[in-house]
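Residue numbers (the numbering used here), protein chains in the order written: chain F, 1 to 134; chain B, 135 to 268. Glycine included, each C-beta is placed from N, C-alpha and C at the ideal position. Note that the structure is a prediction, hence the values are computed from the model and not measured. Reading through the structure tokens given below for one structure.
Protein chains: 2
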Amino acid sequence: MTDDDQASRPPAAAQQQPIYAVKAEFFRVLGHPARVRILELLRDGERSVGELQTELHLDSSGTSQHLGVLRRLGVLESRKEGTSVFYRVRDPRTFQLLEVARQILTSSLEATQALLTELAVPAGTRRRGGGPPA
Amino acid sequence: MTDDDQASRPPAAAQQQPIYAVKAEFFRVLGHPARVRILELLRDGERSVGELQTELHLDSSGTSQHLGVLRRLGVLESRKEGTSVFYRVRDPRTFQLLEVARQILTSSLEATQALLTELAVPAGTRRRGGGPPA
DNA sequence: TCGTTGTCTTAGAATCTTCTAAGGTTAGCT
DNA sequence: AGCTAACCTTAGAAGATTCTAAGACAACGA
């Protein structure tokens, strides 16, 4: 490889595409469990590929491929040290994105929970405290 | 159809899945140009399927399918009025998500722009004002 | 130099998503 | 009832992503 790494080629998003298409591409890249997990792991600082690989329970190939997807889009950047490569998140606002998503999903799941409870226990029958007895 | 619409079945996200998988599913659903556009259109209030269809330049089938994906995951909810169906975004924080994404992408694109300029015009040669001459 | 470790790449199969076309349902009108 | 408009569903083809396996490469140390 004589190209790509770090500051060389336009990070994919650079094409003359409508902004909504660029956003979609960005979300699509975040739309994989392993990649979400990678971002969560990188929340508290950079990590080597090996470390990530261990925590993700993935093999070397899979790990590299997911990291590659994130790096190509400019979400991650990397630093080489000896034989190891350390990855970090380029823009801290990326974590904000994850946080907002968590909030949205949390409310949504809570609403669903409440609804299930509602269905299981006829309305007006419940004591205070919502949760199951035990 | 005797099920599904509005407040009935657990909105997909309810499965006993790890939270990062739910997040990924959520992002994946946002990861399509037409769906990003739908959300942007719904930013200033609810719209009927027909209106969306017109603005998206999609046919009835495609429009319904994308709306279905978003509704099934609980991102949208709908209201029926006569023969029309109006959709709206369930959680306003969804717009915040789009906004943060826009910010991230904007910086990223600006950085890329700067870099291209840098490559085209040797460093230290530029006058103030960044942009191309005319 | 040789072997080892850490990371990346490629190729093809498996899987999932999106698109296209056709038809179905419901509400409202005459 | 019969017709139309608005929306939804389905099925299969087309297209894209992900997974698995194999191997390549570079840095390091013996």
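Using CA atoms only, rank isn't needed, just tell me which of the options is closest to residue i.
{"i": "Ile38/F", "options": "Phe86/F, Ser84/F, Leu67/F, Ala111/F", "result": "Leu67/F"}
{"i": "Arg222/B", "options": "Gly216/B, Val209/B, Glu233/B", "result": "Val209/B"}
{"i": "Phe229/B", "options": "Gln17/F, Lys23/F, Asp59/F, Leu115/F", "result": "Lys23/F"}
{"i": "Glu211/B", "options": "Arg236/B, Val183/B, Asp193/B", "result": "Val183/B"}
{"i": "Glu81/F", "options": "Glu46/F, Ala34/F, Leu30/F, Ile19/F", "result": "Glu46/F"}
{"i": "Val69/F", "options": "Leu30/F, Leu41/F, Thr117/F, Ala114/F", "result": "Leu30/F"}
Given a cut-off of 8 Å, decide if residue j and residue i are closer than it, judged by their beta-carbon atoms.
{"i": "Asp44/F", "j": "Ile238/B", "result": "no"}
{"i": "Arg227/B", "j": "Val100/F", "result": "yes"}
{"i": "Gly243/B", "j": "Leu97/F", "result": "According to the sequence displayed, residue 243/B carries Leu and not Gly. No, Cβ-Cβ distance for Leu243/B and Leu97/F is not below 8 Å."}
{"i": "Arg236/B", "j": "Arg28/F", "result": "no"}
Could you check where the alpha helix (DSSP H) with residue i kicks off and where it finishes?
{"i": "Leu204/B", "result": "194-206"}
{"i": "Val156/B", "result": "153-164"}
{"i": "Val183/B", "result": "183-190"}
{"i": "Glu174/B", "result": "167-175"}
With residue i as the anchor, note down where its beta strand (DSSP E) starts and where it stops.
{"i": "Glu77/F", "result": "76-81"}
{"i": "Val85/F", "result": "84-89"}
Taking only the alpha-carbon atoms, compute the straight-line gap between residue i and residue j and give it to the nearest angstrom.
{"i": "Gly196/B", "j": "Val219/B", "result": "15 Å"}
{"i": "Thr246/B", "j": "Glu25/F", "result": "17 Å"}
{"i": "Ala168/B", "j": "Leu58/F", "result": "33 Å"}
{"i": "Leu42/F", "j": "Leu175/B", "result": "33 Å"}
{"i": "Gln142/F", "j": "Ala120/F", "result": "Not covered by the structure: residue 142/F. The range shown for chain F is 1 to 134."}
{"i": "Thr251/B", "j": "Thr240/B", "result": "16 Å"}
{"i": "Thr54/F", "j": "Val36/F", "result": "16 Å"}
{"i": "Ala21/F", "j": "Glu51/F", "result": "33 Å"}
{"i": "Thr83/F", "j": "Gln65/F", "result": "18 Å"}
{"i": "His32/F", "j": "Ser60/F", "result": "17 Å"}
{"i": "Leu56/F", "j": "Leu190/B", "result": "39 Å"}
{"i": "Arg79/F", "j": "Leu115/F", "result": "48 Å"}
{"i": "Ile153/B", "j": "Ile19/F", "result": "29 Å"}
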